[in-house]
Amino acid sequence: MKSETLSKKELDKFKNLLTTKYNALLEELRYRESSSIMENQRDIGGEISSYANHPAEAATDYANLSMNLNLAERETKYLTQLEEALDRIKQGTFGVCKICKKVIPLERLEVVPTTTKCVDCKNEEKSKEGNTAQHI
Ligand SMILES: [Zn+2]
Numbered sequence: 032m033k034s035e036t037l038s039k040k041e042l043d044k045f046k047n048l049l050t051t052k053y054n055a056l057l058e059e060l061r062y063r064e065s066s067s068i069m070e071n072q073r074d075i076g077g078e079i080s081s082y083a084n085h086p087a088e089a090a091t092d093y094a095n096l097s098m099n100l101n102l103a104e105r106e107t108k109y110l111t112q113l114e115e116a117l118d119r120i121k122q123g124t125f126g127v128c129k130i131c132k133k134v135i136p137l138e139r140l141e142v143v144p145t146t147t148k149c150v151d152c153k154n155e156e157k158s159k160e161g162n163t164a165q166h167i
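The sequence shown begins at 32 in my numbering and counts up one residue at a time.
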């Protein structure tokens, strides 16, 4: 029998860690969603006329809005990653590099528990990306 995976005890530890992160993030996203709805309702109630005279302010607002959307998008993505990591724990593939199939070192998993690749494979991928995405 191959033992190229994490022990039950280690898996349990990561399961707890991921579940905690997942719930905290979910809570925060929900909270923000409900508070942004309240803010929108307040805007509809008044204040709109002053914006009409200041297009620059409206533009700043729009920039802030799209920044928040990007943030929410990133967080939603992270939420999915946490979900997938929990799924991998269930399936027993957690902590195994999906490219070279080696066990990812614990120290790395502790820092990035949602990772699916070991440092070597990640770096290789990054250097490929670097070649195509130069000069921003
Ligand atoms: Zn690898």
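All residues carry an ideal CB built from backbone N, CA and C; glycine is no exception.
No experiment lies behind these values; they were computed from the predicted model shown.
DSSP assignment within the segment 105-159 yields the following whole alpha helix (DSSP H) runs of 4 residues or more, N-terminal first: 137-142.
Between the segment 119-129 and the segment 41-56, the count of Cβ pairs shorter than 8 Å is three or higher; the stretches touch.
Taking Thr-147 as the centre and dropping the five residues before and after it, the same chain places the C-beta of Lys-129 closer than 6 Å to its C-beta, in chain order. Three or more Cβ pairs closer than 8 Å define a contact, and the segment 46-65 meets that threshold against the segment 108-118.
Distance from the C-beta of Ile-68 to the nearest heavy atom of ligand 1 is not below 6 Å. Relative to Leu-100, the option among Glu-88, Gln-72, Glu-64 whose CA is nearest is Glu-64.
Ala-116 and Gln-122 have their C-alpha atoms roughly 10 Å apart.
Taken atom to atom, the span from the alpha-carbon of Glu-88 to that of Ala-94 is near 10 Å.
Assigned with DSSP and collapsed to three states, Thr-36 falls in coil, not helix or strand.
Comparing C-alpha distances from Leu-57 to each of Gly-161, Lys-153, Ala-103 shows the shortest one belongs to Ala-103. Within the model, the alpha-carbon separation for Asp-151 versus Ala-90 is close to 44 Å.
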